[in-house]
Each structure stands twice: as structure tokens, then as C-alpha cells.
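Each residue of the sequence shown is one higher than the one before, starting from 424 at the first, in this note's numbering.
Where a beta carbon is used, it is the ideal one built from N, C-alpha and C, also for glycine.
The structure appears below as C-alpha cells.
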Amino acid sequence: MDFAIDPKFDNLKQMVGWLGKDKLRPLGIEADRQGHALPSDHPFFKEVLAMGLTGGFVGKMKDAAPRADDDGRVRRTNRRAVVMAEEAAYWDRGMATSLPGPSLGGPPVMLMGDAEQKKRFLGIFKGTKEPHWAAFAMSEPGAGSDVAGISTRARQDGDEWIIDGEKCFISNGARASWVVVWATIDPNLGRAGHRAFVVERGTPGFSVARIEKKMGLTASETAGLLFENCRVPVANMLQGSDRSASGKDGFVAAMKTFDMTRPLVAAMAVGMGRAVYDESLRFARENLGGASAWRMDRVRDRLAWIERKLEMARLLAWRAAWLADHKRPNATEASMAKAECARIALEAASIGMDVLGEAGGASDYLIEKLFRDIKALDLVEGTGQIQRVVIARKLIGFRGDRPLKSSKGEADV
Ligand SMILES: Cc1cc2nc3c(=O)[nH]c(=O)nc-3n(C[C@H](O)[C@H](O)[C@H](O)COP(=O)(O)OP(=O)(O)OC[C@H]3O[C@@H](n4cnc5c(N)ncnc54)[C@H](O)[C@@H]3O)c2cc1C
Numbered sequence: 424m425d426f427a428i429d430p431k432f433d434n435l436k437q438m439v440g441w442l443g444k445d446k447l448r449p450l451g452i453e454a455d456r457q458g459h460a461l462p463s464d465h466p467f468f469k470e471v472l473a474m475g476l477t478g479g480f481v482g483k484m485k486d487a488a489p490r491a492d493d494d495g496r497v498r499r500t501n502r503r504a505v506v507m508a509e510e511a512a513y514w515d516r517g518m519a520t521s522l523p524g525p526s527l528g529g530p531p532v533m534l535m536g537d538a539e540q541k542k543r544f545l546g547i548f549k550g551t552k553e554p555h556w557a558a559f560a561m562s563e564p565g566a567g568s569d570v571a572g573i574s575t576r577a578r579q580d581g582d583e584w585i586i587d588g589e590k591c592f593i594s595n596g597a598r599a600s601w602v603v604v605w606a607t608i609d610p611n612l613g614r615a616g617h618r619a620f621v622v623e624r625g626t627p628g629f630s631v632a633r634i635e636k637k638m639g640l641t642a643s644e645t646a647g648l649l650f651e652n653c654r655v656p657v658a659n660m661l662q663g664s665d666r667s668a669s670g671k672d673g674f675v676a677a678m679k680t681f682d683m684t685r686p687l688v689a690a691m692a693v694g695m696g697r698a699v700y701d702e703s704l705r706f707a708r709e710n711l712g713g714a715s716a717w718r719m720d721r722v723r724d725r726l727a728w729i730e731r732k733l734e735m736a737r738l739l740a741w742r743a744a745w746l747a748d749h750k751r752p753n754a755t756e757a758s759m760a761k762a763e764c765a766r767i768a769l770e771a772a773s774i775g776m777d778v779l780g781e782a783g784g785a786s787d788y789l790i791e792k793l794f795r796d797i798k799a800l801d802l803v804e805g806t807g808q809i810q811r812v813v814i815a816r817k818l819i820g821f822r823g824d825r826p827l828k829s830s831k832g833e834a835d836v
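Structure below.
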């Protein structure tokens, strides 16, 4: 496997490093202390756009969804994206996901939208000086891991669809220009009844119920969304390339989205683990007696453990990205990367707190925030347990590409 990245790309990575040090980290800490994300009209978002970075480094992988005009060339988009995601999350993962761009809303439009829908919904992000966001609304109060069990309903009425239901923990949901909303046209159909609709801000019946209070990743705003008799035109339904398909396109596209974004989340966990390492080492040098502390087993062995595991974790994320660049199936590898990288980062944060001793729990040290941020990251796009369920299903539950048995209510996210 070739993990080499285009040398031109180094400049971009360096730019993210500067942005991270100057803005992402301090603004992330500020958001954490204030208990809410930066408002959408904060000048920082326009500054980022002016640097030409929007949708570039965190959104790249999401933009790499298969395209109708794909020429079959191997691209390095996914490998670049994991490198940038790690770098941005090193400075602040919450801020990294708050940057303007289509974010998780992008892949379903790329995967299932027709040319007109792609132009209409993704066009607003191209060459704009005004920040825009999009969102992906799958989770519900009664259906987080068990996405097959979503209860948001969509009923057709002439040339409109009427959506009713509630979504929760939707990243950038309150500031999004549009949201991809997953709903069922018939709960008895299970996954086959899933459809995706683009609901634009300002559509009557669509409202923001609340901004969620989270333990970590405060800089990344998550919202509860309500859909009450919300009418969207038929043209806003993402139907997939095969409009006469059995109806599984919706669910499959949702899962494909995660195949693309889980390696990114995994790489972000590695970046956060790196921050834990650097903060622990800095503390040890400054507070535990300088060089002699390095000789102390307690510090040396623990930091060596973190470094070793992060190297391993990074390779898992890169492998999943490499497979995506080569358009090979990567669902198992993406889940392995997400499960392991988040677990290792969380363990690293716990070890980092041990290195700091009682200072580890104090909010004046970054480790405490990193610990909360990493725990929150473990939940995003499927918890560690759910990744393990997905991996086990892929390895054991399937023979070749044929399922041994199908099960309703399967936990996939
Ligand atoms: C910061 C953040 C951002 C998010 N952004 C989005 C977003 O943009 N869009 C969106 O749709 N959602 C989003 N979510 C929601 C996220 O996807 C869900 O929180 C996640 O899928 C878990 O669902 P749940 O919270 O309902 O937990 P539950 O599904 O209720 O699970 C509770 C616990 O049970 C475990 N569990 C559940 N089922 C099984 C099983 N079969 N086997 C073993 N263990 C199991 C889980 O691992 C978990 O520990 C976000 C969440 C967070 C924290």
C-alpha cells in the first residue's frame, strides 16, 4: 500500500497547522469554557473561507463519493483527507467539524442525488465568501445505534412529501442551509422503507427544537430538529441512481456515507491522541523534574505505549482510506479503524491523566478537555460497540456477499 501524499499537499497541511495553533485550539477552548459553539456569524468562519480552506480539509473525503462521471482513476482524495482530519483534530476536533461545508450532508447527495440536485444543493458551497453548512439527520431519540428503527415518517401527497418526526444530536443542524433527513415510508418495510429527503432551512414545519448540551466537542454544535407536517417537493427526495430500485438505496447510501467518513473520524481520534501525548510530555518535562522525569518508568512507559498504539491506529485509518481511493469495499476496515482509533485515543487520554496525576482532572490543563472530547468522539457515527457488531457481522454473518440470515432492527450506525 502506498501512503505517499502529493508533496504539493504539504503546504496545505502546514496551513492547517498554523490555523490550528492560532485559531482552532484557542477558539475550541473558548467554546468549551463558554459552554456553546461559536455563533454562525463569527468572523472566524469568513476568515477560513478567505484562506480557501473550507470543505477542503475536513470535507474532502466526504466529497469523494463515487460520481457518475468517475473516470476510474485512482485518486488520493481519501488519503489526503485522513491526513488533514488528523491535523485539524490535533488542534481541536470540535472546531474542525464546525467549519463551513456540506459535511456529512454531502455524501448522500453525491451518492443518490441527480445532476440537478447536486447542482442545487452542493452549488452553494462553491466559491462562496459566505459560510454555509449542511447536515445529516439520521439519529432519533428512539433510534441511535439501531438506525433501521427510525420512526420519522414520510408520506406522499401529490407532488409533495410530508415529513413528521424528531431527530437529535445533529451536527451543524441548527445552522445548516439544508439537512438530509432520513425517514421511513413504511416502518413495516424496515430498511427497505428508508428514504432520504433534503429539507431546506425555512421550510414550514421544520424547526430547531434545541441545542444539545454535550460533555465534550462543545465547539461543534449539535441540535435536536423537529419536523411537523413538513412538506417538501418531490424534487427534494434523493432517490438513488436506480429510481425503480427495491427501495434499499436509502439505507445502503447511508451506510456508504459511513464507509467514507468513519476513516476520517478514526484519523481525528489519532490526532486527538497525539495532542494527549504532547500535553503529557510537556507536563512531564515542565513539572516532573525535566529530563530525569523522562527516566521515570511511570512516564516513559506510558508515553511509549501511547506513541506505539497511535502509530498502529493511524495505519488502520490510512488503510481504510487507501481502499476507498482504490474504490474497493472498505466497510469492515472503516469500522475497524473507527473502533480501534477511538478506543486507543480514549485509553491514551486516561493514561495522560495518570501522567499528570491530580492535575489531570483540572480544567486548566488540556488533558481534561481532551478526555471529554475523545469520549464524545467515540459515540459519533456509531459507538465502539456498534463498530464491533458491524465487524463481527461482516466477518461471521456473511458468506461472500450473501447474508446467512437477515435481521430487522440491525444496528449499523
Ligand atoms: C458529538 C455528536 C455528534 C453527532 N452527530 C450526528 C449527526 O450529525 N447526525 C446523526 O444522525 N447523528 C449524530 N449523532 C448521534 C450518534 O450517531 C448517536 O449518538 C450514536 O449513534 C449512538 O446512538 P444513541 O446515543 O442513541 O445510543 P444507543 O443506540 O441508545 O446506545 C446506547 C449504548 O448501547 C450500546 N449498544 C446499542 N446497541 C448495541 C448492540 N446491538 N450491541 C452492543 N451494544 C449496543 C451503544 O454502544 C451505547 O453504548 C451525534 C452524536 C454525538 C455525540
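Near ligand 1: residue i beta-carbon under 8 Å from a heavy atom
i: Glu509; result: no
i: Gln808; result: yes
i: Ala566; result: yes
i: Ser591; result: Residue 591 is actually Cys in this sequence, not Ser. At least one heavy atom of ligand 1 is nearer than 8 Å to the Cβ of Cys591, so yes.
i: Leu450; result: no
i: Gly687; result: The displayed chain sequence assigns Leu, not Gly, to residue 687. Not under cutoff, so the answer is no.
i: Thr645; result: yes
i: Val812; result: yes
i: Val803; result: yes
i: Gly458; result: no
i: Phe559; result: yes
i: Ala799; result: yes
i: Ser521; result: no
i: Asp569; result: yes
i: Ser562; result: yes
i: Ser594; result: yes
Span separating the alpha-carbon of residue i from that of residue j
i: Asn434; j: Arg685; result: 25 Å
i: Met735; j: Thr806; result: 20 Å
i: Ser630; j: Ala743; result: 37 Å
i: Ile767; j: Lys732; result: 7 Å
i: Asp429; j: Asn501; result: 12 Å
i: Ile547; j: Gly529; result: 12 Å
i: Thr520; j: Ile585; result: 30 Å
i: Ala571; j: Arg614; result: 5 Å
i: Gln810; j: Arg721; result: 32 Å
i: Asp665; j: Lys436; result: Below a pLDDT of 50, predicted positions are generally treated as unreliable, and Asp665, at 42, falls in that range; the measurement from the model is reported next regardless. Approximately 39 Å between the Cα atoms of the pair.
i: Asp493; j: Ser703; result: Residue confidence for Asp493 is low, a pLDDT of 45 falling below 50, so the modelled location carries little weight and cannot support an answer.
i: Pro531; j: Leu661; result: 8 Å
i: Trp605; j: Thr575; result: 7 Å
i: Ala512; j: Met695; result: 6 Å
i: Glu510; j: Pro554; result: 22 Å
i: Asp796; j: Pro656; result: 38 Å
i: Met561; j: Gly783; result: 35 Å
i: Leu447; j: Leu461; result: 11 Å
i: Gln540; j: Gly616; result: 21 Å
i: Arg723; j: Ala757; result: 31 Å
i: Gly443; j: Met518; result: 9 Å
i: Arg543; j: Val778; result: 51 Å
i: Leu729; j: Asp580; result: Contrary to the premise, residue 729 reads as Ile rather than Leu in this sequence. Cα to Cα, the separation comes out at about 56 Å.
i: Met474; j: Leu545; result: 20 Å
i: Ser568; j: Ile819; result: 20 Å
i: Asn652; j: Gly536; result: 24 Å
Identity of the residues DSSP links to residue i by a beta bridge
i: Pro656; result: Glu583
i: Ile593; result: Ala646
i: Ile634; result: Ala646
i: Val622; result: Val602
i: Leu661; result: Ala619
i: Thr607; result: Arg576 and His617
i: Val588; result: Checking the sequence, you will find Gly at residue 588 rather than Val. For Gly588, which the question treats as bridged, DSSP gives the partners Phe650.
i: Glu563; result: Ala566
i: Trp441; result: DSSP, once it has assigned bridges, lists no residue as partnering Trp441.
i: Trp514; result: In DSSP, Trp514 forms no bridge with anything.
i: Gly524; result: Trp556
Whole-number beta carbon distance between residue j and residue i, since they are thought to touch under 8 Å
i: Val455; j: Lys792; result: Residue identity check: residue 455 is Asp in the sequence provided, not Val. Contact flag correct, Cβ pair sits at about 5 Å.
i: Leu522; j: Val688; result: With a Cβ gap of about 15 Å, Leu522 and Val688 do not count as contacting.
i: Glu563; j: Gly588; result: 7 Å
i: Phe468; j: Leu450; result: Their Cβ separation, rounded to whole angstroms, is 10 Å, which puts Phe468 and Leu450 out of contact at 8 Å.
i: Val505; j: Ala740; result: 5 Å
Cβ pair residue i, residue j closer than 9 Å
i: Gly639; j: Lys798; result: yes
i: Ala658; j: Arg618; result: no
i: Leu534; j: Ala692; result: no
i: Thr680; j: Leu802; result: no
i: Ile593; j: Val602; result: yes
i: Phe432; j: Arg516; result: no
i: Ala698; j: Leu789; result: yes
i: Lys647; j: Arg633; result: Correcting the residue type first, residue 647 is Gly in the shown sequence and not Lys. Yes; because the gap between Cβ atoms is below 9 Å, this pair is in contact.
i: Pro627; j: Arg654; result: yes
i: Lys817; j: Ala747; result: no
i: Glu644; j: His465; result: no
i: Cys764; j: Ala815; result: no
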